[in-house]
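First the structure, in the form of structure tokens, and then the observations on it.
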Amino acid sequence: MEKSRSKKIENLSSFEEKAADSLFKQLDKNEKGYVNPETIWRKLENMGILEDDIRLNEFRTTLENSVTEKGIDKKLFLKLGKQDNLVRRALYRDLIIPDFKDFCKEIIKIYHEVEVNKKGEIADYIPQLARVNPEHFALSICTVDGQRFSIGDSKDNFCVQSTCKPINYCIAMEELGEETVHRHIGREPSGRSFNELSLNHKGLPHNPMINAGAIMACSLIKRNSAIADRFEHISSIWKHLCGGRNVHFNNSVYLSERQTADRNFALAYFMRENKAFMPKTDITETLEFYFQCCSIESCTENLSIAAATFANSGINPLTGEAIFNENTVRHCMSLMSSCGMYDFSGEFAFRVGVPAKSGVSGSLLVVIPNVMGISIWSPRLDKMGNSVRGVEFCKKLIDKFNFHMYDSLMEQTSKKDPRKRKHESKVNKLINLIYAAGYGDLNELQRLEAEGMSLNSSDYDGRTALHLAASENQVEIVKYLLDKGVKHDLKDRWGNTPLNDAIRGDNKEIVKILEEEMVLKDKKKMK
13 MEKSRSKKIE NLSSFEEKAA DSLFKQLDKN EKGYVNPETI WRKLENMGIL
63 EDDIRLNEFR TTLENSVTEK GIDKKLFLKL GKQDNLVRRA LYRDLIIPDF
113 KDFCKEIIKI YHEVEVNKKG EIADYIPQLA RVNPEHFALS ICTVDGQRFS
163 IGDSKDNFCV QSTCKPINYC IAMEELGEET VHRHIGREPS GRSFNELSLN
213 HKGLPHNPMI NAGAIMACSL IKRNSAIADR FEHISSIWKH LCGGRNVHFN
263 NSVYLSERQT ADRNFALAYF MRENKAFMPK TDITETLEFY FQCCSIESCT
313 ENLSIAAATF ANSGINPLTG EAIFNENTVR HCMSLMSSCG MYDFSGEFAF
363 RVGVPAKSGV SGSLLVVIPN VMGISIWSPR LDKMGNSVRG VEFCKKLIDK
413 FNFHMYDSLM EQTSKKDPRK RKHESKVNKL INLIYAAGYG DLNELQRLEA
463 EGMSLNSSDY DGRTALHLAA SENQVEIVKY LLDKGVKHDL KDRWGNTPLN
513 DAIRGDNKEI VKILEEEMVL KDKKKMK
């Protein structure tokens, strides 16, 4: 057994070296025996693996210490590939979005289609938010493999506002657990405005994604610590979510929040009246803490990494650090799906079908589980408080790609799946066609034909459905294919026709059918 295992490892190593050799030849277009480091970096960038990615630190050091004036020779190239799994996977396009550059072209196209939308108004009930330039528009993407792309004002900071609510909910859940947290916060959509003076039938806030629930979540986090320590704790988690990038604090917005907080104070006292808080909760301090959380600032580039952490079951794709437990993330995304878009949550779940959370600064966090996180910022809001451009972008994204949580139920769809390589869908259909013929599955054959698959299609070896059916003695399939007018005399790479395969398999009935087909075709030619 040990020898067998060693042989497999040896064969695998040999295969990898051949693949690396083939890739090196593709990169060495001038056949000089060397590859320019810039070519490698450009390839990585096209795959969304950017130079500032901390996972490339060791690769960068090895490259700087080993590369010669001529460039990277084949030996060094093989060494780099073996040393760095991320680089190898990126160069072989073995990441969640294999054709990332093409995917980004589609994103750019949607971005510009949405950019012309000038509808909506800036939130003016917080004076500092009313002063923001309404033309700002930024969008960033980070996949679960750490592929990143940004467009627009993606480096400009803005206040997270209500997009802090899912994070605070997760922090409370990690600290106290589901049972304790939901003893004080419900988990049903309210069906009312995000700041309405309303509680559920138990006297609790309806869910953590509206103001009352978010205030309650803040009351649970590090409740026995000083407010400064509590905010430092929150800021630290935001930093870890964003891949080590610092978040900021907008004091002007914080003061503005305090000055216009009558409704939030009313909500807090209403909850205290209904005994919703834990005993000895300081209302004023809780509200101060809540306003501070809403006044955290960052940019879409950083926030997309936070969203991708949710998409990646709580593990930051750039650092590999587990920020939240996977169960915590699952609960949070369930609530984002049902409650994250204010009074538009039901329509958003129906139309877009992915977890999301919006904020009145025009921010929008979107999570596509196991694929990517998206951060959008555009200050103009619709009547329900959601970014107009942000919502429109999401709709167009889902129209183009099969990211809706129930798209997997659709067997036939015109949507693209960016998780598949170019032409992969066509290759899979071809494989299914040939296997269906070999196994005598007429229903599958007819289904693929209805999807536009040519029954004359051949695989890499030139073998068609008729070759397989003839070889495996599938009489009914052979008759069906011939009735459909498939070519009976196509040769595979070894020069064999379906008739040759039938003779080799001693499939006498099929031999007779194919010979009669040949005679019939010859007669037609003579006429």
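Start counting at 1 in the sequence shown, then tack on 12, and there's your number in my numbering.
Ideal Cβ placement from N, Cα and C applies to all residues, glycine included.
Buried versus exposed, by CB contacts within 10 Å (16 or more), residue i
{"i": "valine 137", "result": "What sits at residue 137 in the sequence shown is tyrosine, not valine. The residue in question, tyrosine 137, is exposed, as its Cβ has fewer than 16 Cβ neighbours within 10 Å."}
{"i": "lysine 530", "result": "It should be noted that the sequence gives methionine, not lysine, for residue 530. Methionine 530 should be labelled exposed."}
{"i": "lysine 19", "result": "In this prediction, lysine 19 has a pLDDT of 41, which is less than 50 and means its spatial position is unreliable; nothing more can be read from the coordinates."}
{"i": "histidine 124", "result": "exposed"}
{"i": "proline 291", "result": "exposed"}
{"i": "serine 546", "result": "Residue numbering for the chain in the displayed model covers 13 to 539; residue 546 lies beyond these limits and cannot be assessed."}
{"i": "lysine 177", "result": "buried"}
{"i": "alanine 320", "result": "buried"}
{"i": "tyrosine 281", "result": "exposed"}
{"i": "glycine 402", "result": "buried"}
{"i": "asparagine 276", "result": "buried"}
{"i": "lysine 55", "result": "buried"}
{"i": "aspartate 40", "result": "buried"}
{"i": "threonine 73", "result": "exposed"}
{"i": "asparagine 69", "result": "exposed"}
{"i": "asparagine 223", "result": "buried"}
Straight-line gap, residue i to residue j (C-alpha atoms, nearest Å)
{"i": "lysine 524", "j": "glutamate 423", "result": "38 Å"}
{"i": "glycine 164", "j": "glutamate 190", "result": "39 Å"}
{"i": "asparagine 129", "j": "isoleucine 122", "result": "12 Å"}
{"i": "threonine 298", "j": "phenylalanine 413", "result": "42 Å"}
{"i": "aspartate 473", "j": "alanine 514", "result": "17 Å"}
{"i": "proline 510", "j": "leucine 454", "result": "18 Å"}
{"i": "asparagine 97", "j": "methionine 465", "result": "37 Å"}
{"i": "aspartate 471", "j": "leucine 526", "result": "21 Å"}
{"i": "valine 378", "j": "arginine 160", "result": "15 Å"}
{"i": "glutamate 338", "j": "tryptophan 53", "result": "33 Å"}
{"i": "alanine 273", "j": "leucine 209", "result": "13 Å"}
{"i": "arginine 363", "j": "aspartate 419", "result": "11 Å"}
{"i": "methionine 185", "j": "phenylalanine 322", "result": "14 Å"}
{"i": "lysine 91", "j": "valine 99", "result": "11 Å"}
{"i": "proline 201", "j": "isoleucine 388", "result": "24 Å"}
{"i": "lysine 214", "j": "tyrosine 302", "result": "23 Å"}
{"i": "proline 49", "j": "arginine 505", "result": "39 Å"}
{"i": "aspartate 168", "j": "asparagine 258", "result": "13 Å"}
{"i": "phenylalanine 336", "j": "alanine 448", "result": "45 Å"}
{"i": "histidine 479", "j": "methionine 345", "result": "49 Å"}
{"i": "lysine 94", "j": "asparagine 508", "result": "41 Å"}
{"i": "serine 166", "j": "glutamate 300", "result": "29 Å"}
Limits of the alpha helix (DSSP H) - the one that residue i falls within
{"i": "arginine 242", "result": "239-253"}
{"i": "alanine 102", "result": "97-103"}
{"i": "alanine 150", "result": "Unbroken run through alanine 150 is the beta strand (DSSP E), 150-155; no alpha helix (DSSP H)."}
{"i": "lysine 177", "result": "177-188"}
{"i": "serine 357", "result": "357-363"}
{"i": "serine 264", "result": "263-271"}
Heavy atom of the ligand MG within 7 Å of residue i beta-carbon
{"i": "tyrosine 181", "result": "Absent from the structure shown: the ligand MG. Ligands present: none."}
Nearest to residue i (by Cα), restricted to the options the options
{"i": "asparagine 440", "options": "Ser237, Gly93, Glu463 and Glu118", "result": "Glu463"}
{"i": "serine 370", "options": "Asp394, Phe362, Asn382 and Val383", "result": "Asp394"}
{"i": "isoleucine 183", "options": "Arg235, Ile134 and Val400", "result": "Arg235"}
{"i": "leucine 442", "options": "Ala280, Lys428, Lys432 and Leu457", "result": "Leu457"}
{"i": "glutamate 147", "options": "Val366, Glu127 and Arg270", "result": "Glu127"}
{"i": "leucine 445", "options": "Thr425, Leu467, Cys351 and Asn339", "result": "Leu467"}
{"i": "leucine 151", "options": "Lys432, Ile119 and Arg431", "result": "Ile119"}
{"i": "lysine 117", "options": "Met59, Glu186 and Lys177", "result": "Met59"}
{"i": "asparagine 212", "options": "Leu532, His479 and Ala288", "result": "Ala288"}
{"i": "isoleucine 179", "options": "Thr155, Met221, Asn263 and Cys171", "result": "Met221"}
{"i": "methionine 10", "options": "Tyr418, Met353 and Leu68", "result": "Outside the displayed span of the chain (13 to 539) sits residue 10, for which this structure offers no information."}
{"i": "valine 400", "options": "Gly385, Asp411, Ile380 and Ser375", "result": "Ser375"}
{"i": "glutamate 404", "options": "Gly132, Thr74 and Leu460", "result": "Gly132"}
{"i": "threonine 296", "options": "Pro217, Glu309, Leu279 and Ile308", "result": "Leu279"}
{"i": "valine 156", "options": "Ser316, Asp504 and Ile239", "result": "Ser316"}
{"i": "leucine 232", "options": "Leu188, Cys406 and Arg392", "result": "Leu188"}
Check whether residue i and residue j have beta carbons under 8 Å apart
{"i": "glutamate 521", "j": "valine 487", "result": "yes"}
{"i": "cysteine 311", "j": "glutamine 173", "result": "no"}
{"i": "serine 219", "j": "isoleucine 197", "result": "The residue asked about is misnamed: residue 219 is asparagine in this sequence, not serine. Yes; because the gap between Cβ atoms is below 8 Å, this pair is in contact."}
{"i": "alanine 318", "j": "leucine 409", "result": "no"}
{"i": "threonine 425", "j": "isoleucine 66", "result": "no"}
{"i": "valine 341", "j": "serine 357", "result": "no"}
{"i": "isoleucine 386", "j": "isoleucine 153", "result": "yes"}
{"i": "histidine 416", "j": "valine 383", "result": "no"}
{"i": "serine 78", "j": "leucine 62", "result": "no"}
{"i": "cysteine 171", "j": "serine 373", "result": "yes"}
{"i": "alanine 477", "j": "asparagine 519", "result": "no"}
{"i": "isoleucine 108", "j": "phenylalanine 115", "result": "no"}
{"i": "proline 139", "j": "serine 350", "result": "no"}
Start and end residues, beta strand (DSSP E) containing residue i
{"i": "serine 346", "result": "Here serine 346 belongs to no beta strand (DSSP E); instead the alpha helix (DSSP H) covers 338-351."}
{"i": "isoleucine 163", "result": "160-164"}
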